[in-house]
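Just so we're aligned, residue 0 is where the sequence shown starts under numbering that gives the first Met the number 0, counting upward by one.
Note that beta-carbon positions come from the ideal geometry of N, C-alpha and C, so glycine has one too.
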Amino acid sequence: MKSFRENFMKAIFLSAACTSIAAVALICYFMFSSGLPTIARIGPAEFLLGRSWKPLNDLFGIFPMIIGSLWVTAGAMVVGVPVGLLTAVFLARFCPSRLYRMLKPAVELLAGIPSIVYGFFGLVVIVPILQELLGTNGKGIITASILLGIMILPTIIGVAEAAIRAVPESYYEGALALGATHERSVFTTVLPAAKSGILAAVILGVGRAIGETMAVIMVAGNQAVVPGSLTSGVRTLTANIVLEMGYATDLHRDALIATAVVLFAFILIINLSFSLIKRRMK
């Protein structure tokens, strides 16, 4: 009876794993089978490097969206990574237990807020502030970067804190025994030992930032042009798909699917790059 139960559960786990793999494979097949022929039809150079996105004129250049996605994601990393990592260090090594019981649920609550709510927050709070400070309409790269930086905080904080807590206590105690202060022990011994988990937190943050759509649509300006400054309006790859997929047909629809292929390739390249960096760090 025990052997039957074990074999039954193994079959369940194997089926779940195969289902997940099959789902990913089907998604990839759908995107690439529709997207790659479209890129070849439009022309890889014209599609990837073209600066005009005018579906009515059969112009499908996504270069402005690529630049917009890179700028917004980079800005979100500049805002979110330092704040997230320092918060994780504080929660793991410096935070009093009473304060931790309040801060930890608050951080977890941030992860449960819908992206549309973040978008409204950016629209009614961040945009007016930047309008006053910068003298612009408030919608652009800076606004989207700040909002995305806030949105990726729960992911970075949660994963980085878990990585820091996973470091053996003997590392910290050994640094103290050698005469290091509490702060020096944490930042020169514990954090380097947790670098793999911290890097994983950054990777997840990048994935969240580059894939976010609804909040970005509300604060980025959605202009399909190459941005001239950090205050310029931009349209990201994800926003381009969401804004036009509802009414797109024929080549226009296929071009949006091809845009999704490019986005998928970007995320894959980012993950592979971080994996190579992680191997070199080891």
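CA-to-CA distance, Gly49 to Ser114, given in whole angstroms: 30 Å
Met76 burial status per 10 Å Cβ neighbour count (16 or more: buried): buried
7 Å Cβ cutoff met for Val201 and Gly148: no
Cβ-heavy atom distance, Thr235 to the ligand NAD, below 6 Å: Here there are no bound small molecules, and the ligand NAD is not part of this structure.
Meets three-Cβ-pair contact criterion under 8 Å: the region 229-238 and the region 136-156: yes
For Gly204 and Leu191, the rounded distance between their alpha carbons: Checking the sequence shown, residue 191 turns out to be Pro, not Leu. C-alpha separation (whole angstroms): 19 Å.
Alpha helix (DSSP H) segments (min. 4 residues) lying fully within the region 38-68: 43-48
DSSP three-state assignment for Gly220, whether helix, strand or coil: strand
Residue closest to Arg164, alpha-carbon to alpha-carbon, out of Ile65, Arg92, Ser272: Arg92
Sequence ranges, alpha helix (DSSP H) only - wholly within the region 71-153, length at least 4: 96-111, 114-120, 126-133, 140-150
Span separating the alpha-carbon of Glu182 from that of Ala87: 14 Å
Neighbourhood of Val224 by C-beta, 7 Å cutoff - its chain only, sequence neighbours within 5 removed: Pro63
Reduced DSSP category for Val233 - H, G, I as helix; E, B as strand; rest coil: strand
Secondary structure of Ser228, DSSP reduced to three states: coil
Buried versus exposed call for Asn6 [16 or more other C-beta atoms within 10 Å across all chains shown]: exposed
Enclosing alpha helix (DSSP H) for Tyr171 [first to last residue]: 168-176
Pairwise C-alpha distance: Thr187 and Ile66: 36 Å
Leu236 versus Tyr246, Leu250, Ile266, Phe273, residue with shortest Cα-Cα distance: Ile266
Beta carbon of Pro54 nearer than 7 Å to that of His251: yes
Option in Glu160, Asn221, Arg97 with minimal Cα separation from Val71: Asn221
Top-ranked residue by Cα proximity to Leu81, from Pro153, Leu242, Ile125: Here the sequence assigns Pro to residue 81, which means Leu is not the residue at that position. Here the closest residue by C-alpha is Pro153.
Where the alpha helix (DSSP H) through Ala200 begins and ends: 194-210
C-beta neighbour in chain C for Gly232, strict 7 Å: Going by chain labels, chain C is absent from the structure shown, which holds only one protein chain.
Straight-line Cα distance separating Lys194 from Leu84: 11 Å
Whole-angstrom distance between Phe29 and Ala22, CA atom to CA atom: 11 Å
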